[in-house]
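A quick write-up on the structure given underneath.
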Amino acid sequence: MPAHAGGYSDVRIPVSDIPPYSVDAAPDALILTLFGTSANTDIINFASTDSVVRRVTWRQVASDRAEYRVELHRAPFGYLVMWERGVLVLRVRRAPAIDRARPLRGLVIAVDAGHPPAGSTGPTGLYEAVATLGIAERLKTYLEQRGATVVMTRSAPGAVALTDRPVIARRADAHAFVSIHLNAFPDGVNPFGRHGTGTYYFNVWSEPMARAVQAGMVRRMGLRDLGIYYDNLAVLRPTWMPSVLCEGAFLMIPEQEAALRTPDFQDAYARGVADGLEVYFRELGR
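Each residue of the sequence shown is one higher than the last, beginning at 21 in this note's numbering.
Shown next as structure tokens:
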């Protein structure tokens, strides 16, 4: 069933119709559930040299629900589900080969300057979209200096739709997606009670990257460590690559808005993210 190909392995399941499905991630497996399905899988063929998929097992968990457990040689790095002429395909991505001396060399990193549309505004009128673009451009420079190829989801002030940003990363076959933002509070919240640096992730395999990037930003910027957050954010839902959203500082805190106007603080934000990505991919190369 798994077919070795390029930077991924395909798990191909012949089906009579396109079923509703879900995919859940375990530490060393992906579990594909097909709803409204009665399975008749009597043979499973494995590529003997497959370095991604270790084995596939299945069971009929209910009369109308079949479950395929795709056991992996290591933790998931990403996946896609697609339909090809009567075959449901679970494409499991292989983690890239890493040079631990220069862990970003040869990688493609998607850098997303958050907003517009929308976005927060500082007390003296600094727009989030303006500040994030400046930080993202600096991050691009530092990643390229460390050997990465960088794809920007936007490189001008104009708006880019939220749904288009992960698509740009996917089309570039990026190995990581990093969205740069600045935090804000809703109305009625005391802004001085809790502010600092935080990092968000959604898919379970993005958590190690979130931890590394958070540590890098806190070390460089010196703000309060708010930790990492699991959150169902639109740009973090796509499954082909690890993705994080950084809220490096709070734009509505006057001192932080003033700092964000300076090259030094923008540098600290960008270098912190680059440091974290380097740590994450070096560890991935073990």
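Every residue, glycine too, gets a C-beta built ideally from N, C-alpha and C. These numbers were taken from a predicted model, which means no experiment stands behind them.
Contacts around residue i, its chain only, beta-carbon distance under 6 angstroms, and the 5 residues preceding and following it disregarded
| i | result |
| --- | --- |
| residue 155 | 200, 286, 289 and 290 |
| residue 38 | 103 |
| residue 122 | 167 |
| residue 267 | 201, 203 and 218 |
| residue 232 | 296, 299 and 300 |
Heavy atom of the ligand HEM within 6 angstroms of residue i beta-carbon
| i | result |
| --- | --- |
| residue 189 | Annotation note on the ligand HEM: not contained in the displayed structure, which lists no ligands. |
For residue i, the first and last residue of its enclosing alpha helix (DSSP H)
| i | result |
| --- | --- |
| residue 188 | 184–191 |
| residue 289 | 283–304 |
| residue 34 | Not the alpha helix (DSSP H): residue 34 falls in the beta strand (DSSP E), residues 28–34. |
| residue 138 | Note, residue 138: premise wrong, no alpha helix (DSSP H); not H, not E. |
| residue 238 | 227–241 |
| residue 280 | 274–280 |
Interface flag, residue i vs chain C, CB-CB below 7 angstroms
| i | result |
| --- | --- |
| residue 86 | The question asks about chain C, but that chain is absent: this structure has only one protein chain. |
Close beta carbons around residue i, own chain, < 8 angstroms, minus the five adjacent residues each side
| i | result |
| --- | --- |
| residue 171 | 128, 129, 130, 131, 188, 189, 192 and 194 |
| residue 163 | 124, 129, 131, 170, 294 and 297 |
| residue 270 | 202, 203, 204, 205, 211, 215, 216 and 276 |
| residue 279 | 269 and 285 |
| residue 239 | 292 and 295 |
| residue 225 | 45, 95, 96, 97, 98 and 262 |
| residue 114 | 27, 28, 29, 71, 72 and 97 |
| residue 305 | 117, 118, 119, 120 and 123 |
| residue 302 | 118, 120 and 123 |
Among the options, nearest to residue i - alpha-carbon criterion
| i | options | result |
| --- | --- | --- |
| residue 244 | 236, 251 and 250 | 236 |
| residue 88 | 53, 225 and 257 | 53 |
| residue 214 | 153, 247, 145 and 48 | 247 |
| residue 78 | 57, 180, 265 and 202 | 57 |
| residue 242 | 276, 67 and 272 | 276 |
| residue 261 | 240, 165 and 228 | 228 |
| residue 209 | 273, 82, 303 and 249 | 273 |
| residue 47 | 27, 31, 177 and 96 | 96 |
| residue 311 | 165, 135 and 220 | Absent from the model: residue 311. The displayed extent of the chain is 21 to 306, so no value can be given. |
| residue 35 | 230, 179 and 59 | 59 |
| residue 176 | 150, 160, 198 and 197 | 150 |
Residues of its chain near residue i, where Cβ-Cβ distance is below 7 angstroms and the 5 sequence neighbours each way are ignored
| i | result |
| --- | --- |
| residue 259 | 98, 99, 100 and 223 |
| residue 24 | Because the pLDDT of residue 24 is 48, which lies under 50, any placement of that residue in the model is unreliable, and the number read from its coordinates should be weighed accordingly. Same-chain partners within the cutoff: 67, 69 and 70. |
| residue 147 | 139 and 141 |
| residue 281 | 146 |
| residue 42 | 53 |
| residue 144 | 277 |
| residue 116 | 127 and 195 |
| residue 93 | 71, 72 and 74 |
Bounding residues of the beta strand (DSSP E) (the contiguous stretch that carries residue i)
| i | result |
| --- | --- |
| residue 245 | 245–250 |
| residue 318 | Shown here, the chain extends from 21 to 306; a query on residue 318 therefore has no answer. |
| residue 254 | No beta strand (DSSP E) holds residue 254; DSSP gives it neither H nor E. |
| residue 44 | 41–46 |
- Item | Three CB pairs or more closer than 8 angstroms across the segment 182–191 and the segment 105–123 | no
- Query: What beta strand (DSSP E) runs, 3 residues minimum, are completely inside the segment 53–127?
  - Reply: Whole beta strand (DSSP E) segments, 3+ residues: 73–82, 85–92, 99–104 and 107–113.
- Start-end ranges of the beta strand (DSSP E) lying completely within the segment 159–224, minimum 3 residues: Entirely contained in the segment 159–224, the beta strand (DSSP E) runs reaching 3 residues are, in chain order, 169–172, 196–203 and 217–221.
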